Each structure stands twice: as C-alpha cells, then as structure tokens.
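Under the numbering used here, the first residue of the sequence shown carries the number 196, and numbering increases by one thereafter.
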Amino acid sequence: MHVLVIHGPNLNLIGEREPSIYGTQTLAEIDRSLRDLAAELGADLETAQYSGEGQIINALHAARSSADAIVLNPGAYAHYAHAIADAVAAIAVPVIEVHLSNIFAREPFRRTSVVAPVCRGTIVGFGADSYRLALRAAVNLASGRRP
Ligand code: DQA
196 MHVLVIHGPN
206 LNLIGEREPS
216 IYGTQTLAEI
226 DRSLRDLAAE
236 LGADLETAQY
246 SGEGQIINAL
256 HAARSSADAI
266 VLNPGAYAHY
276 AHAIADAVAA
286 IAVPVIEVHL
296 SNIFAREPFR
306 RTSVVAPVCR
316 GTIVGFGADS
326 YRLALRAAVN
336 LASGRRP
C-alpha cells in the first residue's frame with residue numbers, strides 16, 4: 196500500500212516559522228516520524244513539499260496511478276484554491292486534508308476550506324499529530340477498514 200503525503204506552501208519552514216502556532220518540529224522530523232509510523236502500519240510512504248498550486252495539482256494527478264491514499268496539507272491554498280479542490284474531486288484516490296493548527300480558531304479567512312468538501316475527512320489542530328492521525332486514517336481507508 197502506497198500513501199503520498201503532500202505538504203503545501205511555507206510548510207518547508209515549519210520548526211522556525213511561527214513556532215507558537217506550528218510547533219518546533221521541522222518538516223524533516225515530521226516526515227521521519229511518518230516514515231516510522233508507515234513502517235509500523237505496513238505502508239509504503241512518499242512525502243513531497245510544493246510551494247506552487249500547479250505543482251500540487253500535478254502531484255495529485257500523478258498519484259492517480261501510484262497512490263492508494265493521499266494526505267494533503269494545502270497550506271493557505273486550502274482557503275481559496277478551487278483548482279486544488281477540483282483536482283481532489285477529479286481523482287478516485289481518497290484524500291485526507293490536514294492542518295497543524297486549528298484553522299477554525301484563527302483569523303476569519305482561515306476558517307473556510309474549499310478543499311474540505313471534496314476530501315474524505317479533515318484533521319486539524321493537533322500539530323504534527325494531525326499528520327500521524329491522518330496517516331492512520333489513510334491506511335485504514337486504503338485497506339478498506341473503517342477509520
Ligand atoms: C496550515 C494553516 C494555513 O492557514 C496556513 O496558511 C498554513 C499552515 C496548517 O497546517 O495549520 O500554511 O495549513
């Protein structure tokens with residue numbers, strides 16, 4: 196089973212970026228802990244970080260033939276990027292949306308995700324654990340178990 200994790204814009208800077216909101220773990224550290232968890236769950240993990248909306252869309256399209264489930268943190272694109280939502284809707288692979296911070300407790304513009312309605316579920320507000328919870332859900336979905 197192959198799970199793809201896509202980190203969106205500015206997530207390459209977590210660890211140093213607004214640590215009171217996003218925590219002190221770097222993206223490399225989060226990816227390492229996801230790799231460990233994936234091994235435990237018997238899944239094969241691929242992670243990627245993209246700053247551009249088009250790159251995320253291309254990665255979603257490419258995952259049609261390679262991934263059994265996708266964990267996606269669209270970053271700020273979540274709040275307005277309808278083209279990413281269209282790409283998620285266009286593919287049959289289940290996508291789980293993730294945010295480190297609780298977007299519903301932040302500025303008004305962050306309280307909406309245009310991507311959420313086309314995802315299988317959304318996990319927000321648990322810091323790096325949001326990704327780990329999403330990975331568990333992704334593996335369950337891909338293996339046909341209920342999360
Ligand atoms: C984020 C939340 C977004 O609003 C923000 O633009 C990010 C990070 C999160 O993981 O909490 O870049 O997606």
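Every residue gets a Cβ at the ideal spot worked out from N, C-alpha and C, and that includes glycine. Fair warning: this is a prediction, and the values are worked out from it, not measured in the lab.
Supposed contact pair residue j and residue i - C-beta distance, whole angstroms, cut 8 Å
i, j, result
"residue 326", "residue 198", "That belief does not hold up - the Cβ atoms of residue 326 and residue 198 are roughly 11 Å apart, past 8 Å."
"residue 320", "residue 297", "3 Å"
"residue 254", "residue 238", "That belief does not hold up - the Cβ atoms of residue 254 and residue 238 are roughly 18 Å apart, past 8 Å."
"residue 323", "residue 288", "In fact, because the Cβ distance is near 23 Å, the residues do not count as touching under 8 Å."
"residue 176", "residue 277", "What is shown of the chain runs 196 to 342, which leaves residue 176 out entirely."
Contacts around residue i, its chain only, beta-carbon distance under 7 Å, and the 5 residues preceding and following it disregarded
i, result
"residue 279", "248, 251, 252, 269, 272 and 310"
"residue 225", "323 and 326"
Neighbourhood of residue i by C-beta, 6 Å cutoff - its chain only, sequence neighbours within 5 removed
i, result
"residue 299", "306"
"residue 209", "217 and 222"
"residue 232", "327 and 330"
Span of the beta strand (DSSP E) around residue i
i, result
"residue 295", "Taken as a continuous stretch (DSSP letters only), residue 295 belongs to no beta strand (DSSP E), as it is neither H nor E."
"residue 266", "264 to 268"
Nonlocal neighbours in the same chain, by C-beta distance under 8 Å from residue i, ignoring five residues either side
i, result
"residue 229", "200, 240, 242, 326, 327 and 330"
"residue 291", "264, 265, 266, 267, 314, 315, 316, 317, 318, 329, 332, 333 and 336"
"residue 236", "330, 331 and 334"
"residue 202", "222, 242, 243, 244, 245, 268 and 270"
"residue 259", "286, 287 and 288"
Span of the alpha helix (DSSP H), counted from its first residue to its last, around residue i
i, result
"residue 332", "323 to 337"
"residue 316", "Where residue 316 is concerned, there is no enclosing alpha helix (DSSP H), although the beta strand (DSSP E) it sits in stretches over 316 to 319."
"residue 244", "Per DSSP, residue 244 belongs to no alpha helix (DSSP H); it is in the beta strand (DSSP E), 239 to 244."
"residue 279", "277 to 285"
"residue 206", "Unbroken run through residue 206: none, as it is neither H nor E."
"residue 249", "248 to 257"
"residue 214", "214 to 217"
"residue 228", "222 to 236"
Proximity winner among the options, relative to residue i (alpha-carbon distances)
i, options, result
"residue 245", "293, 339, 204 and 312", "204"
"residue 282", "301, 196 and 257", "257"
"residue 262", "196, 339, 338 and 340", "196"
"residue 294", "286, 285 and 308", "308"
"residue 301", "215, 339, 220 and 338", "215"
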